[in-house]
Structures are given as structure tokens and as C-alpha cells.
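**Q** In the working numbering, the protein residues as written are 1024 to 1416. Glycine residues also receive a C-beta, built at the ideal position from the N, C-alpha and C atoms. Questions regarding the structure given below will be posed in turn.
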């Protein structure tokens, strides 16, 4: 199987986070892949307010762009409603700088939900208004344009892990989630256990921060495994798993242009995590962001996109800004400390024994917080009347 074909699958599994070289030998795979992309494509009815004239970057000309990766819980525990985006990563890709950046967003961040008229948990934007409202909200929070999106439901991780033949992890915490036991230590996880590994948070001392680390680890290892598989039959299993569980506004031509024009952007991939301090508001748990921390993340992404950085946080111009953020001027914004090139040791490995240090700012009390009994009162049922809470939340 040629390397070009592996790149095609890599693009479809994690849509352009890590790609290698391209050759001309893709006849057996491209027809199936192109058809699959047509089936998963879903456009969004929105215009970025952060792009002049609302024009998206020209991928054909290798202009830097951003993409939202949203892991939604639609398929979680048999759910069939719209769900929430419980895993959110913003990726910026810049071939001229030979760099890409991944920023993970905590689902409990208190944010202004654009188009909804209130402040709420960041992941609720998806439940209230789908991917459009989620993109608008995250775009406003980070003060950067969001150009494209990819969403995958929780069931999709299970299918993808099985499609690549399982993933190897070094689990640090012996736990049981919904009757599925994952032992401590090095092991190969199938889809069912791999999904539990990506979802568990209550038994993790780091809570949702630890879960986000494991989710990035799982996604990275799925990608690496997919790009190491030989045989058209195996690739078609992966394509089938993607088709069942993923949506994106990228076209087949967009993906091929990325594979052609953006190879240098994956020489270095930096990972950052945006978290705040824990706070209970009206008996609901939130993450409150520090102004310096958020400004540092914003400027990192702006540099990647070739935009002008800011000296003060633009979000503070909103009337209710000081209810959303806290002054962390005694500290400093997170630094870019994690770098890797495709093919080297996985920096997202939960083991963390290889010296990898992730840029994460966590409140001192966060590791002690257990919200397993906390009612998630901020959730609104997308099937109920607009704004009404769902029963049981």
C-alpha cells in the first residue's frame, strides 16, 4: 500500500492533523474515499465575523486556516439526540511557519453562548444550536476565525478503534465505567475499552483535564495505527467507520489540497490545553478562565493564522466580562512546551514517562474536586422547547 493512500486515510480519520508525502498511486482507495467524503459532508450556515468579508482562507493557495474538532456525545450510551460537544479541540495549520497547533478546550468553561443570549458551559453551545452555535461561541471566546469543522460522535471512537485493530496504551488508573473494566498497565484496547478509556473522568485525579489528555492520546494513536495499516480491505473498514460517525464541511478537494500544499505544516505540532479554576455557581460546576491565560492562548493562535496579536484581552470589552473571567496577573499564560514531528514518540501518551510536559494550568483544588454527584443543571434539551431544561439534567 503506497504512502499516498495512507495519507488519504489519515486525512479522513483526523482530517489533516498529521500527513506525510504524496505519490501518484491511489487508484484503489480514492474512489471509495471520495464517495465517503461526499456522504459525510455537511455545510454550516454561518459566516465568520473574524474574517474580512467573511471569506474563508484559500486552501488551494496554502493559506493558514483553523478547524474545530468536536467530539459529541450523540452516540454515547445509546443517545440519538443532538447531544453536546464533550471534547473540543481547535487546530491551526500554517505551512509557511511549518507548524500546527492544537488547543484543547475544557467542556465546563463558562462562556458567552453566542446566539443564545446567556452564559453557560462551553459544551452546551452544541446542544443549543448545533455546530454553528458552537463555532460562533468558540470563535468569540478565542477571538480568532474558525474556518472549518469536523465532528465525530462517541460511538465513532469505538468503531474507529476496532477498525484499526485496537490501540496500545499504558493505563495509569484501574477503573470500571458502565460495567467495562480497564485494568492498570500496558495493554491493547478494543473499541469498547478504548471508548471507556477516553470517556472516564470521575476516577481520574485530574478530572476532565485528565480525560482530555487521554482523548488526545486515543485520537493520535488511531491516526498512527491507520497510517501503518496495509491492505485496501483494512482501509475500507476505516472508511466505513468514518462514514457512520463523522461530519465535516471540508470537501474532497480541500483534503487533497491539504495533502498537497500543507505538508510542511506538520513538521511541528504543538499542543496546549485551556483550563481555568474550579468554581461552583448556583450549585453548578464551571471552569473560570484567567485573563492572562486566555490572552496567551489567543495570541498563540493568532500568530499561527497570521493575525495581529493583542496586548489586552478583547473579551473584556463585553459588559458582563468580569463574571466570565478572573484576574490571573500574578501568574502567566501557558507556554508552548510540547512539540513533536509525526513518526516520533507520542507526546500525548498518558504515561508521561518520556519527559513530555504539557502546557496545562490547573487550579490547585481541581485535582481534589469530585463532581460525580453534581447535577448538570445548565443543559437544555435540544428536543424540548427552546431554552427549557431537559428532565434528569
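If you scan the region 1212 to 1262 from start to end, which runs of the alpha helix (DSSP H) of 4 or more residues do you find wholly inside it?
**A** Entirely contained in the region 1212 to 1262, the alpha helix (DSSP H) runs reaching 4 residues are, in chain order, 1214 to 1222, 1231 to 1249.
**Q** Mapping the DSSP letters down to three states, classify residue 1167 as helix, strand or coil.
**A** Start at 1 with the first residue of the chain shown, and residue 1167 comes out as number 144. If DSSP states are grouped into helix, strand and coil, residue 1167 belongs with coil.
**Q** In three-state terms, what does DSSP make of residue 1321?
**A** Translated into positions along the chain shown, residue 1321 becomes position 298. DSSP places residue 1321 in helix when its eight states are reduced to three.
**Q** DSSP state of residue 1205, grouped into three classes?
**A** Numbered from its first residue, the chain shown carries residue 1205 at position 182. Correct three-state label for residue 1205: strand.
**Q** If you run the structure through DSSP and keep just helix, strand and coil, what is residue 1304?
**A** The count along the chain shown starts at 1 and reaches residue 1304 at position 281. Strand, per DSSP.
**Q** Applying the criterion that 16 or more other CB atoms from any shown protein chain within 10 Å of the CB defines a buried residue, is residue 1225 buried or exposed?
**A** Counted from its first residue, the chain shown places residue 1225 at position 202. Label assigned to residue 1225: exposed.
**Q** Considering only residues of the same chain and omitting the five flanking positions on each side of residue 1085, which have a CB-CB separation below 7 angstroms?
**A** Looking up residue 1085 in the chain shown gives position 62. Same-chain partners within the cutoff: 1118, 1284, 1285.
**Q** What residue range does the beta strand (DSSP E) around residue 1124 cover?
**A** Stepping through the chain shown from its first residue, residue 1124 is reached at position 101. Its beta strand (DSSP E) spans residues 1122 to 1128.
**Q** Give the straight-line distance between the Cα atoms of residue 1382 and residue 1156, rounded to the nearest whole angstrom.
**A** As a working note, residue 1382 is residue 359 in the chain shown. As a working note, residue 1156 is residue 133 in the chain shown. With a pLDDT of 35 at residue 1382, under the threshold of 50, the modelled position of this residue cannot be trusted, and the question is left open.
**Q** By Cβ distance below 7 angstroms, which residues in the same chain neighbour residue 1341 in space, the five residues on each side in sequence not counted?
**A** The count along the chain shown starts at 1 and reaches residue 1341 at position 318. Same-chain partners within the cutoff: 1135.
**Q** Is residue 1294 helix, strand or coil by DSSP?
**A** Sequence index remark: in the chain shown, residue 1294 carries index 271 (1-based). The answer is strand: DSSP assigns residue 1294 an E or B state.
**Q** If you pair each beta-carbon of the region 1230 to 1248 with each one of the region 1138 to 1154, do three or more pairs fall below 8 angstroms?
**A** The region 1230 to 1248 vs the region 1138 to 1154: no contact.
**Q** To the nearest angstrom, how far is the alpha carbon of residue 1302 from that of residue 1287?
**A** Taking the chain shown and counting its residues from 1, one reaches residue 1302 at position 279. Taking the chain shown and counting its residues from 1, one reaches residue 1287 at position 264. Approximately 41 angstroms, taken between the alpha carbons.
**Q** Looking only at its own chain, which residues have a Cβ that is under 6 angstroms from the Cβ of residue 1139, when we skip the five neighbours before and after it?
**A** As a first step, residue 1139 must be located in the chain shown, where it is residue number 116. Within the same chain, residue 1139 has close Cβ partners 1151.
**Q** If I'm right that residue 1338 touches residue 1166 with Cβ under 8 angstroms, what's the distance once you round it to whole angstroms?
**A** The residue given as residue 1338 occupies position 315 in the chain shown. The residue given as residue 1166 occupies position 143 in the chain shown. Confirmed, about 7 angstroms.
**Q** Whole angstroms is fine: what's the gap from residue 1129's alpha carbon to residue 1075's?
**A** As a working mapping, residue 1129 is identified with position 106 in the chain shown. As a working mapping, residue 1075 is identified with position 52 in the chain shown. If you take the alpha carbons of residue 1129 and residue 1075, they lie about 29 angstroms apart.
**Q** Distance, Cα to Cα, residue 1056 vs residue 1266?
**A** As a working mapping, residue 1056 is identified with position 33 in the chain shown. As a working mapping, residue 1266 is identified with position 243 in the chain shown. Going by the C-alpha atoms only, they are around 9 angstroms apart.
**Q** Just checking, does the region 1202 to 1217 make contact with the region 1274 to 1284 on the three C-beta pairs under 8 angstroms criterion?
**A** Because the criterion of three Cβ pairs below 8 angstroms is not met, the region 1202 to 1217 and the region 1274 to 1284 do not touch.
**Q** Going by Cα to Cα distance, which pick from 1328, 1205, 1212, 1326 is closest to residue 1223?
**A** The sequence position of residue 1223 within the chain shown is 200, counting from 1. Ranking 1328, 1205, 1212, 1326 by Cα distance to residue 1223 puts 1205 first.
**Q** What whole-angstrom Cβ distance do residue 1133 and residue 1330 have, given they're in contact under 8 angstroms?
**A** As a first step, residue 1133 must be located in the chain shown, where it is residue number 110. As a first step, residue 1330 must be located in the chain shown, where it is residue number 307. No, residue 1133 and residue 1330 are not in contact; Cβ-Cβ is about 25 angstroms, not under 8 angstroms.
**Q** How far does the beta strand (DSSP E) with residue 1194 in it reach, from first residue to last?
**A** Counted from its first residue, the chain shown places residue 1194 at position 171. That run of the beta strand (DSSP E) goes 1190 to 1194.
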